[in-house]
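Student: After the structure tokens below, expect a handful of questions from me.
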Amino acid sequence: MDDKERSPSPEFSPLAFGEDLAPLPEYKAAGTTEVDFSGLLGEPLKLHEDLKSGCGGQLWPAGMVLAKHMLRYHRERLQSARILELGAGGGVVGLTVAKGCARLDHPLYLTDMVEMEPLMRQNISLNGLEDRVKARVLNWGEPLSQEVLEHKPNIILAADCVYFEPAFPLLLQTLQDLLAVEPSATIFFCFKKRRRADMQFLKAARKTFTVTEIEDEDRPVFSRDCLFLYTFTRK
Ligand SMILES: C[S@@+](CC[C@H](N)C(=O)[O-])C[C@H]1O[C@@H](n2cnc3c(N)ncnc32)[C@H](O)[C@@H]1O
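Quick note: the sequence shown uses the numbering used here, first residue 5, plus one each step.
Quick look at the structure:
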């Protein structure tokens with residue numbers, strides 16, 4: 005077979021759209037944005053966005069939906085929760101929670117791959133949240149650190165973490181590991197369906213967890229953009 009006959013391998017890149025792949029957010033220049041979630045945050049959250057460390061360096065739509073949902077419906081419960089965010093990117097969800105709660109009884113962990121650590125730290129300090137929020141490396145599929153095991157997160161946040169098929173089993177493994185550490189934990193999971201394969205993730209999740217689509221007054225709006233909001237709990 006010569007090169008002309010061979011079909012090109014489907015390389016993952018946010019710029020490589022297949023025919024069943026809706027566009028990902030457009031690349032933006034680095035800069036700082038302010039968000040207040042329609043006034044739900046008294047003082048806006050500042051977020052530096054910079055794609056040089058990876059795709060998590062910009063705000064993603066599911067992150068905005070999940071951050072607003074947590075503020076609107078769960079503020080009270082979050083104050084005493086042990087919270088960990090997976091695939092936090094610049095940290096929009098966790099930082100919104102940390103800024104929006106009157107108090108946090110436990111440190112909130114933003115986690116992502118090592119490349120995102122500087123941006124997570126930058127956004128923590130941009131908002132003066134060093135006393136409430138910690139940035140840590142947590143690679144999906146790898147054993148949980150002693151610190152995470154001891155923290156025993158009971159609220160796990162994950163937004164826009166479904167976009168790269170080879171990572172699906174790794175993410176599922178980490179979610180399972182976290183629920184093994186704290187069986188009563190609730191995972192708040194928001195994602196945007198871009199490709200047919202994304203539903204395979206949900207299918208696999210349903211085999212392992214109790215998956216519940218949750219109410220949100222904005223659902224009629226965000227569901228039009230193929231955004232889905234769920235909780236995953238232990239079966
Ligand atoms: C699309 S971004 C979403 C960022 C943020 N949650 C938001 O909603 O704006 C996905 C994030 O998952 C992280 N990620 C991807 N694969 C990962 C892995 N194997 N382990 C840990 N984090 C991963 C990326 O670095 C990126 O920050």
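Just so you know, even glycine gets a beta-carbon here, dropped at the ideal spot from N, CA and C.
Note that the coordinates shown come from a computational prediction; the quantities given were computed from them, not determined experimentally.
Based on the DSSP secondary-structure assignment, which residues constitute the bridge partners of E242?
Tutor: One cannot answer for residue 242 here, as it falls past the ends of the chain, which runs 5 to 239.
Student: On the criterion of 16 or more Cβ atoms from any shown chain inside 10 Å, does R86 qualify as buried, or is it exposed?
Tutor: R86 should be labelled buried.
Student: Please classify D1 as buried or exposed, where buried requires at least 16 other C-beta atoms within 10 Å of its C-beta.
Tutor: Lying outside 5 to 239, the shown extent of the chain, residue 1 is not represented and no answer is given.
Student: Hey, would you say the C-beta of A92 is under 7 angstroms away from at least one heavy atom of ligand 1?
Tutor: Yes, Cβ of A92 sits closer than 7 angstroms to a heavy atom of ligand 1.
Student: If we count the other Cβ atoms within 10 Å of its Cβ and call it buried at 16 or more, is A162 buried or exposed?
Tutor: Buried, because 16 or more other Cβ atoms sit within 10 Å of the Cβ of A162.
Student: Could you spell out where the beta strand (DSSP E) holding G35 opens and where it closes?
Tutor: Here the beta strand (DSSP E) through G35 covers G35 to V39.
Student: Applying the criterion that 16 or more other CB atoms from any shown protein chain within 10 Å of the CB defines a buried residue, is E154 buried or exposed?
Tutor: Classification for E154: exposed.
Student: Does ligand 1 have a heavy atom nearer than 7 angstroms to the CB of D164?
Tutor: Yes, the Cβ of D164 comes within 7 angstroms of a heavy atom of ligand 1.
Student: Alpha helix (DSSP H) containing V96: first to last residue?
Tutor: Segment V96 to G104, the alpha helix (DSSP H) holding V96.
Student: Does the Cβ-Cβ distance between P65 and D164 come in under 8 angstroms?
Tutor: Yes; because the gap between Cβ atoms is below 8 angstroms, this pair is in contact.
Student: Quick check: G98 and L112, are their CB atoms within less than 8 angstroms of each other?
Tutor: Result yes, Cβ atoms of G98 and L112 sit closer than 8 angstroms.
Student: Contact defined as beta carbons within less than 8 angstroms: I believe G94 pairs with G60. What is the distance between those atoms, to the nearest angstrom?
Tutor: Contact flag correct, Cβ pair sits at about 7 angstroms.
Student: Take R238 and list the residues in its own chain whose beta-carbon comes closer than 6 angstroms to its own, dropping the five residues that flank it on each side.
Tutor: Here the set comprises L183 and P187.
Student: Distance check for F168 and A26, CA to CA, integer angstroms please.
Tutor: Because A26 sits at a pLDDT of 48, beneath the cut-off of 50, its placement in the model cannot be relied upon, and the following sentence gives the value as read from the coordinates. If I take the Cα positions, the gap works out to 14 angstroms.
Student: Please tell me whether M120 and G35 are closer than 8 angstroms, where the distance is taken between their beta carbons.
Tutor: No.
Student: Cβ of M120 within 7 angstroms of any heavy atom in ligand 1?
Tutor: M120 Cβ: within cutoff of ligand 1.
Student: Does any heavy atom of ligand 1 sit closer than 7 angstroms to the C-beta of G67?
Tutor: Yes, ligand 1 has a heavy atom inside 7 angstroms of this Cβ.
Student: Excluding sequence positions up to five away, which residues of its chain have a Cβ less than 6 angstroms from the Cβ of V166?
Tutor: Contacts found: F195, D202 and F205.
Student: Smallest Cα separation from H52: which of S129, L75 and V118?
Tutor: The candidate whose alpha carbon is nearest that of H52 is S129.
Student: If you reduce the DSSP assignment to three classes, tell me which class Y77 lands in.
Tutor: Y77: helix per DSSP, three-state reduction.
Student: What are the partner residues of L174, as DSSP defines its beta bridges?
Tutor: Its beta-bridge partners do not exist; DSSP assigns none.
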